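Peer 1: Take UniProt numbering: the final residue in the sequence shown is number 291, and no numbers are missing along the way. Note that CB positions come from ideal geometry on N, CA and C, so glycine has one too. It should be emphasised that the depicted structure is a prediction, and the values quoted were computed from it without experimental measurement.
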Amino acid sequence: VILKMNPKAVTAAQMFGKLDATTGDWTDGIFAVLWRKGTKAKNSKTWILLDGPVDAIWIENLNTVLDDNKLLTLANGDRIPMTPEMKAIFEPENLMNASPATVSRMGIIFFSISVLGWKPLAQSWLQTRRDKEHQILRSLIDKYVDPLFEFLFRDCKAVMYSTEGIYLNSAFKIFEELTAPFIDTKQILSDEHMERLFIFSLCWSLGALLELSDRTKFNEKLIAIAENAPNLDEGDTCYEYLVDAQGNWQHWRTKVESWEYPQDREPKFAELLIPTLDSLRYESMLATLVP
Numbered sequence: 001v002i003l004k005m006n007p008k009a010v011t012a013a014q015m016f017g018k019l020d021a022t023t024g025d026w027t028d029g030i031f032a033v034l035w036r037k038g039t040k041a042k043n044s045k046t047w048i049l050l051d052g053p054v055d056a057i058w059i060e061n062l063n064t065v066l067d068d069n070k071l072l073t074l075a076n077g078d079r080i081p082m083t084p085e086m087k088a089i090f091e092p093e094n095l096m097n098a099s100p101a102t103v104s105r106m107g108i109i110f111f112s113i114s115v116l117g118w119k120p121l122a123q124s125w126l127q128t129r130r131d132k133e134h135q136i137l138r139s140l141i142d143k144y145v146d147p148l149f150e151f152l153f154r155d156c157k158a159v160m161y162s163t164e165g166i167y168l169n170s171a172f173k174i175f176e177e178l179t180a181p182f183i184d185t186k187q188i189l190s191d192e193h194m195e196r197l198f199i200f201s202l203c204w205s206l207g208a209l210l211e212l213s214d215r216t217k218f219n220e221k222l223i224a225i226a227e228n229a230p231n232l233d234e235g236d237t238c239y240e241y242l243v244d245a246q247g248n249w250q251h252w253r254t255k256v257e258s259w260e261y262p263q264d265r266e267p268k269f270a271e272l273l274i275p276t277l278d279s280l281r282y283e284s285m286l287a288t289l290v291p
């Protein structure tokens with residue numbers, strides 16, 4: 001059994017519990033509830049997974065858990081022992097804010113980005129896809145990801161730092177949402193349709209954090225690799241195109257609806273939203289990723 005939580009998503013009181021000053025009643029926090037639940041699972045291994053940054057605000061409260069006592073001590077005086085079937089795992093990006101006292105109390109396993117890379121993530125994701133999609137998706141990943149990552153980190157400058165894993169997770173998330181309607185109807189897409197959706201996903205993940213000048217360079221690299229890229233009009237890039245339900249490339253401008261100023265009322269300036277190519281595609285991407 002794996003019980004997960006993000007310690008930085010809640011306050012210390014919400015994590016461990018708090019005492020009501022008026023009634024004197026104690027309310028367990030999220031971690032306290034998970035801990036009690038773990039102690040009751042006698043016939044199975046229980047892993048308490050804390051996924052998020054480590055800092056002194058909450059980690060110091062776990063000193064008695066991490067030392068030889070193996071006791072969770074709460075502010076109300078409860079002392080809950082760790083059972084032999086329980087394990088605690090911390091999964092932070094780094095240990096910059098962890099004290100030596102905390103680090104010395106646990107074993108550390110470090111996976112460098114350069115050692116682990118993005119391939120285990122891709123392999124794990126492929127296992128979530130339908131069997132009939134594995135071959136084409138594996139070939140698309142092999143064809144595009146390595147060359148684009150090499151070009152992205154060498155020749156482009158993103159507006160904010162991101163890792164290979166984050167980029168690839170974004171691409172997979174977009175691809176999943178684009179293909180979800182076809183999976184619901186049990187429809188198998190053609191290889192060309194799949195590749196176009198994959199190109200679109202890469203454009204809005206690996207190429208999403210680039211300024212306009214770097215987007216142009218990224219587009220040129222993508223077009224050089226792709227066999228199913230859109231036939232670009234002069235001055236256009238892949239960012240100006242989407243894939244329709246039939247698997248064909250379609251320019252975003254064909255989706256922009258005409259707008260006329262209301263004649264029957266005087267709208268407030270703040271209420272005016274004139275649809276443009278940019279507003280349409282960003283609104284569409286938000287709707288795709290946040291259904």
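In this structure, how does DSSP classify K221 when only helix, strand and coil are distinguished?
Peer 2: helix
Peer 1: Below 8 Å, can you find three or more Cβ-Cβ pairs linking the segment 161 to 176 to the segment 195 to 206?
Peer 2: yes
Peer 1: To the nearest angstrom, report how far apart E266 and G29 are at their CA atoms.
Peer 2: 52 Å
Peer 1: Measure how close the beta-carbons of P92 and V54 come, nearest whole angstrom, since I'm counting them as under 8 Å.
Peer 2: P92 to V54, Cβ: 5 Å. Contact.
Peer 1: What residue from D20, A270, I183 has the CA that sits closest to N76's CA?
Peer 2: D20
Peer 1: When DSSP builds the beta bridges, which residues end up paired with T73?
Peer 2: DSSP, once it has assigned bridges, lists R79 as partnering T73.
Peer 1: Counting only the same chain and skipping the five closest in sequence on each side, list residues whose C-beta sits under 8 Å from that of K87.
Peer 2: For K87, same chain residues with a beta-carbon under 8 Å away, outside a window of 5 residues either side, are K45, T46, W47, I48 in chain order.
Peer 1: Which residues in the same chain as E227 place their Cβ atom closer than 8 Å to its Cβ, once the five residues preceding and following it in sequence are excluded?
Peer 2: Cβ within range, chain order: E195.
Peer 1: Whole alpha helix (DSSP H) runs in the UniProt domain "Dynein heavy chain AAA 5 extension" (137 to 253) with 4 or more residues, listed along the chain?
Peer 2: 164 to 184, 191 to 203, 212 to 225
Peer 1: Rounding to the nearest angstrom, what Cα-Cα distance links N69 and L121 in this structure?
Peer 2: 37 Å
Peer 1: Quick one: give me the first and last residue of the beta strand (DSSP E) that L67 is part of.
Peer 2: Rather than Leu, the amino acid found at residue 67 in this sequence is Asp. If you look at D67, you'll find it isn't in any beta strand (DSSP E); DSSP assigns it neither H nor E.
Peer 1: If you draw a straight line from the alpha carbon of A41 to that of W58, how long is it in whole angstroms?
Peer 2: A41 and W58: Cα-Cα distance of roughly 25 Å.
Peer 1: Which first and last residues belong to the beta strand (DSSP E) in which K40 is found?
Peer 2: Careful: K40 lies outside any beta strand (DSSP E), inside the alpha helix (DSSP H) at 30 to 40.
Peer 1: Taking the alpha-carbon positions, what's the I89 to K18 distance?
Peer 2: Going by the C-alpha atoms only, they are around 24 Å apart.
Peer 1: How long is the line joining the alpha carbons of D25 and E85, rounded to whole angstroms?
Peer 2: The straight-line gap from Cα to Cα measures roughly 30 Å.
Peer 1: By how many angstroms is the C-alpha of Q135 removed from the C-alpha of W125?
Peer 2: 13 Å
Peer 1: Is it the case that the Cβ atoms of P147 and I223 are separated by a distance below 9 Å?
Peer 2: no
Peer 1: Using CA coordinates, which residue listed in L209, I174, K186 is at the minimum distance from F153?
Peer 2: Ranked by how close their Cα comes to the Cα of F153, the residues L209, I174, K186 have L209 in first place.
Peer 1: May I ask which residues mark the beginning and end of the beta strand (DSSP E) holding A101?
Peer 2: Here A101 belongs to no beta strand (DSSP E); instead the alpha helix (DSSP H) covers 100 to 103.
Peer 1: I need the DSSP call for F16, collapsed to helix, strand or coil.
Peer 2: helix
Peer 1: Indicate whether I174 and L273 have their beta-carbon atoms separated by less than 9 Å.
Peer 2: In this structure, L273 does not lie closer than 9 Å to I174 by Cβ.
Peer 1: So, for L3: in the same chain, excluding its five sequence neighbours on each side, which residues have a beta-carbon less than 8 Å away from its beta-carbon?
Peer 2: L34, K37, G38, T46, W47, I48, L49
Peer 1: So, helix, strand or coil for W58, using DSSP?
Peer 2: helix
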